Amino acid sequence: MTTPAGTRFTALLDNSVLSRLERLRLDPLRRLTVHSRGEHLTGKGGNSTEFSDYRDYVPGDDVKNVDWNIFARLNRPYVKLFRHEEEMHVVLLVDASSSMLFEGKLELAKQLAAACGLMGLMNNERVSVYACHHAGAQPELMPPSSGQVSRRRLFQFLEGIQGGGDSPLEAAVDAVLRRHRGRGVVILLSDFLTFGDLNPALNSLFRSGLEIHGVQILSELELRPDLTGDIRLLDSETGETLDISGAAELYGLYAEHLNWQEQELTAACQKRSGRFIRVSSKTPVETILFDTWRRKGWLR
Amino acid sequence: MSWPWPGFVTPMSAWLAALFIPLVILYFLKLKRPLQQIPSLALWRQVMNDQRVNSPFQRFKRNLLLLLQCLVLGCLVLAAMQPYWSSGAGRAKYLPILIDCSASMGALDQQGGLSRLDVAKAEVREIINNLLADQLVSLIVVNSSGRRLTDFTNNKKLLLSALDHITVSDVPSRLDDGLRLTQALARTYSFERAIFLTDGNTPGAVDLELPFQIAMQLIPPGGANLGITELNARRGAERWEIFVRIEAAAVGGGEAKVEFYQDQELLGAEEIALDPGEAQRLVFRAPADKSSYIDIRIIPKGFDSLASDNTAYLELPTLRNLRVFVDLELKAFRKALQPIKGVDVLPVSGSSKPDQVLGYDLVISPSADETVPTAPVALYVGQVPSDIGKLVSIETGFVKVVDWQRNSPLLRHVQLTEVQVSDNPVSQKDVQDRDYENHGYEILAHAAKGPLILHKNRDGKQSLWLLFHTDHSTLPYRVAFPILMSNLVQMAMQQAGLSEIQGQTTGALPARVADPRTSYSVVGPTGMRQDLTSSDEGLLMGISAPQVGRYDIQKGLSTVAKASASLLNASETSLKNVDTIQFREVSIQASDTKLNTDKPLWTEFAILGLVFLAVEWWFFQRRPGGW
Chain L
31 MTTPAGTRFT
41 ALLDNSVLSR
51 LERLRLDPLR
61 RLTVHSRGEH
71 LTGKGGNSTE
81 FSDYRDYVPG
91 DDVKNVDWNI
101 FARLNRPYVK
111 LFRHEEEMHV
121 VLLVDASSSM
131 LFEGKLELAK
141 QLAAACGLMG
151 LMNNERVSVY
161 ACHHAGAQPE
171 LMPPSSGQVS
181 RRRLFQFLEG
191 IQGGGDSPLE
201 AAVDAVLRRH
211 RGRGVVILLS
221 DFLTFGDLNP
231 ALNSLFRSGL
241 EIHGVQILSE
251 LELRPDLTGD
261 IRLLDSETGE
271 TLDISGAAEL
281 YGLYAEHLNW
291 QEQELTAACQ
301 KRSGRFIRVS
311 SKTPVETILF
321 DTWRRKGWLR
Chain C
166 MSWPWPGFVT
176 PMSAWLAALF
186 IPLVILYFLK
196 LKRPLQQIPS
206 LALWRQVMND
216 QRVNSPFQRF
226 KRNLLLLLQC
236 LVLGCLVLAA
246 MQPYWSSGAG
256 RAKYLPILID
266 CSASMGALDQ
276 QGGLSRLDVA
286 KAEVREIINN
296 LLADQLVSLI
306 VVNSSGRRLT
316 DFTNNKKLLL
326 SALDHITVSD
336 VPSRLDDGLR
346 LTQALARTYS
356 FERAIFLTDG
366 NTPGAVDLEL
376 PFQIAMQLIP
386 PGGANLGITE
396 LNARRGAERW
406 EIFVRIEAAA
416 VGGGEAKVEF
426 YQDQELLGAE
436 EIALDPGEAQ
446 RLVFRAPADK
456 SSYIDIRIIP
466 KGFDSLASDN
476 TAYLELPTLR
486 NLRVFVDLEL
496 KAFRKALQPI
506 KGVDVLPVSG
516 SSKPDQVLGY
526 DLVISPSADE
536 TVPTAPVALY
546 VGQVPSDIGK
556 LVSIETGFVK
566 VVDWQRNSPL
576 LRHVQLTEVQ
586 VSDNPVSQKD
596 VQDRDYENHG
606 YEILAHAAKG
616 PLILHKNRDG
626 KQSLWLLFHT
636 DHSTLPYRVA
646 FPILMSNLVQ
656 MAMQQAGLSE
666 IQGQTTGALP
676 ARVADPRTSY
686 SVVGPTGMRQ
696 DLTSSDEGLL
706 MGISAPQVGR
716 YDIQKGLSTV
726 AKASASLLNA
736 SETSLKNVDT
746 IQFREVSIQA
756 SDTKLNTDKP
766 LWTEFAILGL
776 VFLAVEWWFF
786 QRRPGGW
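Which chain is which? The protein sequence lines are L and C, in order. Going by the working numbering, the first residue of the first sequence is number 31, and it counts up by one from there. Going by the working numbering, the first residue of the second sequence is number 166, and it counts up by one from there.
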């Protein structure tokens, strides 16, 4: 990628980050890919240049795959097998509801979406992006795109996402699945703070052939609430209030619930052959991409 | 036994409890609950639901701040109501506190320990500190008299200051004055109880009728003690014989060395060992060729609780004959006196002028005019005192002595039954014996219609008046006459200090002859200074001597005389305590248990309220995870 000196390709990520990302790709746990084409190698025989195995020739096989050197030595025809390369669909679901407007949660979500999208495009995968705002409304969509030519389109779409709305994550997933077709990976960039049950939505994603990568982005106010005394809490999405007396006393219980939620979400994703990770909105995106995700095997 | 129960000084302050209503309303209105916007309530709702399910005291915890605020307000309301633990003896608004500060209150309980007065002061200090807002205390010290230190007040600073200034006086205790003072207070202030703190070394009976009760708080007595209880000197052949009585306290005796000093020179010493309650008399002899000061000192070999009775003083004059002026006309008197040993009858017959240079110890004269010399003891024969001249007239006619005071020093062993008198004193109409007494005269012998012999003691001088002339009576021919003269000589010798000298006790020193209308300063053993002026007659009177020791009488800057005072009180030395004081109608039982007084509790509630306030502040402001 070449850009004029001193200019940034996107406001979301530094050029240096983009350069490093071009050499990485998402590493899904399963091979949930499109058979027609793509760069993800399957375990089956394919037409890539990467040798996989030999097998006996059977009538009907393309003779061009016969290894003539072996035939000359053994006088028996053997067919060379190559690994098959398939196309993977990368679905990015960005939660752009009001709850994501706190302490740079949405910004981080857009940065991570840009990074994942870029890796997908650079590896000839189909990338589609959904930004969810209001419950019941259609999410903003960047249609499935592929190829490096779609980079600018991807970045412009992500940069244009404005926060606001009350869309819960499970409703956003339903809205995405109503429009999405194809197997691959779905990356959920959200705070996962919902009053509803996420399990049906995760089941739907699993059934649709999407490997779930959950990224929970929480602000410091949610990770370590600094609240004391008698206060009235106001929900940024619903406008509901909750009176709390002796908030500091509840912190221990809150921390327990936070940990419990992380464990539940991790278990829910893993049960569906997926992954889950919680990050703080204060964590630099480079740290998440090149340190956390690399160490956890999300990228290779 | 009555148990303490709580009460309130200002129960009307309970109206402040109405503040609970706005407190609760304001709390639940949550007018000042700050609004905090957060991304989502999802987690917080779970937390609150979990808290309500898991915590059995969730309501309590939820309103813990309200509870703390209620506790703070409750404590403040209670403090404003000024609660107290009642002693059960009825709460007194006016409380007189009598503190015994006689000599025995200076006794220590052990070597280097507290004096009885210190213990009493500590108890009074506690009472003062526990005073309720509407309680007023008056401090009265009782020793040989009573003295009011403070008016009824609740000014603790004033009371504590007065209490700190109370010191032990080396005088025996007498309750009468202190109780009379308290009785007088009872006429102005209404109180039903007075507190009396004493070691119990007081008279067992008081001739008083009190309109209030006395709570007698007994301070435990001191430890072992030896002390000088008597000291006197008697005239010997050519020297003084000094008699010293040393007694041991009832609680413990001990061993000691008794030293005898004359003019600071050690003349003798004796070792003594006394069991509790025992006494021993010692005799020392002192030369009488000059006036001298005698010191008797006890040097204890162990612990001695009371120091003030370890020293006693005596002033000895030079031994000399009694100088008696007898008018030359009174030949019967001169003849009766001349055989008595140690008496110089002056003027010698043939001399026309009395010897005024040396002064007389006794004057016997048929007239009382100014030409007659003065003396400490005077006998006027056939004279009616001028100040009672209107009360009695002398008529002619034989009369007999009707009655006389047989125990008076002058008439001791004197038989006047057969004495005939031709001068008949007749009291004027409606004149009673008390009319003579009102003029300061005591009737020693009565005739049928008036007094025959009068006695007056004024300004330390004794005057005896025979209203009949002895030449007009058969008295000189009776055996009674030489006895009468002998008694008169004994009185004069006693007055002149020539026969027996008693150690002067503390309290007040006797009047001393001085220059008329002259200012003197008396400096006591502790440096206490009194400024006094002598009377027109040349007597220095009213010298207070509250401490054992020597007193310097100074005129200007020079010491003109010395006096001394000693405790010499067997009761104080014995440290005995009475457990009952008998009054006219009731007896007061002493108690050694600590006095129960109302204990105010408002400070405790105020502090508790402050603690609750601090807890509330901490609870409200503490950081997350700061348990």
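Every residue, glycine too, gets a C-beta built ideally from N, C-alpha and C. Keep in mind the model is a prediction, meaning the values are calculated, not measured.
When the Cα of Gly507/C is compared with those of Val489/C, Leu296/C, Gly554/C, Glu702/C, which residue comes out closest?
-> Val489/C
Out of curiosity, what's the CA-to-CA distance linking Asn289/L and Met149/L?
-> 31 Å
Classify Gln836/C as helix, strand or coil using the three-state DSSP reduction.
-> Absent from the structure is residue 836/C, since the part of chain C shown begins at 166 and ends at 792.
What do you get for Met693/C, buried or exposed, if any count of 16 or more other CB atoms within 10 angstroms of its CB means buried?
-> exposed
Give the residues from the stretch 242-265 of chain L that approach chain C closer than 9 Å (Cβ to any Cβ), ordered along the chain.
-> Leu248, Ser249, Leu251, Glu252, Arg254, Pro255, Asp256, Leu257, Thr258, Gly259, Asp260, Ile261, Arg262, Leu263, Leu264, Asp265
According to the neighbour-count rule (16 or more other Cβ atoms, all chains shown, within 10 Å of its Cβ), is Lys496/C buried or exposed?
-> exposed
What residue does the beta strand (DSSP E) around Val245/L start on, and which one ends it?
-> 240-248
What three-state label does DSSP hand Phe361/C in the structure shown?
-> strand
Report yes or no: do the stretch 729-740 of chain C and the stretch 660-670 of chain C share at least 3 C-beta pairs separated by less than 8 Å?
-> yes
Where Phe785/C meets chain L, residues with beta-carbon distance less than 9 Å = Thr258, Gly259, Asp260, Gly276, Ala278
Cβ pair count under 8 Å reaching 3, the stretch 391-405 of chain C against the stretch 455-471 of chain C = yes
Are Gly190/L and Ser128/L touching if we call contact CB-CB under 8 Å?
-> no
Please determine, among Leu48/L, Val120/L, Ile318/L, Leu131/L, the residue with the shortest C-alpha to C-alpha distance to Ser158/L.
-> Val120/L
CB contact below 8 Å: Glu267/L versus chain C | yes
DSSP three-state call for Pro647/C: helix, strand or coil?
-> helix
Could you run through the stretch 289-302 of chain L and flag, in chain order, every residue whose CB is less than 8 Å away from some CB of chain C?
-> Gln291
How long is the line joining the alpha carbons of Gly343/C and Ile262/C, rounded to whole angstroms?
-> 10 Å
Of the listed residues Ala231/L, Leu54/L, Leu248/L, Gln293/L, nearest to Phe320/L (C-alpha basis) | Leu54/L
Distance between beta carbons of Gly244/L and Gly304/L, contact taken as under 8 Å = 7 Å
7 Å Cβ cut-off: residues of chain C touching His164/L = Neighbours of His164/L on chain C: none; closest Cβ ~15 Å, over 7 Å.
Within 8 Å, strictly: CB atoms of Ile305/C and Leu314/C | yes
Please say whether Ser311/L and Gly134/L have beta carbons closer to each other than 8 Å?
-> yes
Hey, which unbroken runs of the beta strand (DSSP E) at 3 residues or more fall wholly within the stretch 305-387 of chain C?
-> 311-313, 358-363, 378-383
At a CB-CB cut-off below 8 Å, which residues of chain C make contact with Arg287/L?
-> Note that residue 287/L is His in the sequence shown, not Arg. Here the neighbours are Leu208, Gln211, Val212, Asp215.
So, Thr271/L versus Leu264/L, is the Cβ gap smaller than 8 Å?
-> yes
Just reading off the alpha helix (DSSP H) that Ile778/C is part of, what are its end residues?
-> First, the residue type needs correcting, since residue 778/C is Leu and not Ile in the sequence shown. Counting along the chain, the alpha helix (DSSP H) containing Leu778/C begins and ends at 767-786.
State yes or no: is the C-beta of Pro368/C within less than 8 Å of the C-beta of Leu340/C?
-> yes
Taking only runs that begin and end inside the stretch 91-136 of chain L, name each unbroken alpha helix (DSSP H) of 4 or more residues, in chain order.
-> 98-104
Proximity test, Cβ basis, 8 Å: Glu270/L and chain C | yes
CB-CB under 8 Å to Val579/C, same chain, minus the five flanking residues each way: which ones, in chain order?
-> Trp569, Arg571, Ala645, Ile648, Leu649, Asn652
So what does DSSP say about Lys148/C, is it helix, strand or coil?
-> Since the first residue shown for chain C is 166 and the last is 792, residue 148/C is missing from the structure and cannot be characterised.
Contacting positions in the stretch 214-227 of chain L - beta carbon closer than 8 Å to chain D = Protein chains L and C are contained in the structure displayed, whereas chain D is not.
Do you know how far the Cα of Lys321/C is from the Cα of Val333/C?
-> 22 Å
Chain C residues whose Cβ lies nearer than 7 Å to that of Leu283/L = Val212, Asp215, Gln216
Burial state of Ala106/C, where buried means 16 or more other Cβ atoms lie within 10 Å | This structure gives no information on residue 106/C, because the portion of chain C shown stretches from 166 to 792.
With DSSP run on the structure shown, which of helix, strand or coil describes His70/L?
-> Note that His70/L scores a pLDDT of 47, beneath 50, so its modelled location is shaky; the value from the coordinates is reported in the next line. Correct three-state label for His70/L: strand.
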